[in-house]
Ligand SMILES: [Zn+2]
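Numbering (the numbering used here), first residue to last: -3 to 185.
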């Protein structure tokens, strides 16, 4: 016998529905069909499993849930994350015009990767935003391979992770997504 977590009633009924991959989930007007999402607190995989109180209606479980994949998908994990990413890059570029100018000049040289990496090591003063500005400037010149090679030169640096997140959208995305979802949920959207 289970006691309701809210009203302590013993009138708690357990229900299990074996739907396999025919579970339809609707959130924010968007439908998806498939297995039962495991992060909604109502079972997962092949089965919907709930315990509900017949006295007060409380669905038994742990609430509130952390941000779920259903919510991430519905709100679109790309658009707002990319906006934040581009804003960050913009401020990094604007704050370091001297780095941008010099890197643009060096990028036209034969030995561009070594020239740029060398310049950034000498003139970054251990500030990852200055290094990032240089790499982003190269990316914006449509030289992605050069930019990638310069980034690789900093692989052993203790600021590498920060650097990667500022220059590489994929690295930034997970981080930004969590941030963004927290804000959306907090705003009750
Ligand atoms: Zn109850």
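Glycine residues also receive a C-beta, built at the ideal position from the N, C-alpha and C atoms. These numbers come from a predicted model, not from an experiment.
Three-state secondary structure (DSSP) of residue i
{"i": "residue 34", "result": "coil"}
{"i": "residue 24", "result": "coil"}
{"i": "residue 88", "result": "helix"}
{"i": "residue 74", "result": "The predicted model places residue 74 with a pLDDT of 46, which falls under 50 and marks its position as unreliable; any figure quoted below should be read in that light. Coil."}
{"i": "residue 131", "result": "helix"}
{"i": "residue 50", "result": "coil"}
{"i": "residue 18", "result": "coil"}
{"i": "residue 42", "result": "coil"}
Sequence-distant residues of the same chain with beta carbon closer than 6 Å to residue i, five excluded per side
{"i": "residue 120", "result": "126, 127"}
{"i": "residue 74", "result": "Any answer about residue 74 is weak, because its pLDDT of 46 lies below 50 and its placement is not dependable; what the coordinates show is given next. No residues qualify anywhere along the chain."}
{"i": "residue 45", "result": "12, 39"}
Integer-rounded CB distance, given that residue j should sit under 8 Å from residue i
{"i": "residue 0", "j": "residue 56", "result": "7 Å"}
{"i": "residue 146", "j": "residue 132", "result": "Not quite, the Cβ-Cβ distance comes to about 11 Å (not below 8 Å), so this is no contact."}
{"i": "residue 35", "j": "residue 12", "result": "Actually they are not in contact, since the Cβ atoms of residue 35 and residue 12 sit about 18 Å apart, beyond 8 Å."}
Cutoff 7 Å; reference residue i; Cβ partners in own chain excluding five residues on either side
{"i": "residue 134", "result": "99, 103, 112, 142, 143, 146"}
{"i": "residue 51", "result": "0, 3, 5, 7"}
Item to complete: Pick out the complete beta strand (DSSP E) segments inside the segment 92 to 176, 3 residues or longer, and give them in chain order.
Response: none
Worksheet item: Which residues are close to ligand 1, meaning CB closer than 5 Å to any heavy atom, in chain order?
Response: 0, 2, 3, 5, 49, 51, 52, 54
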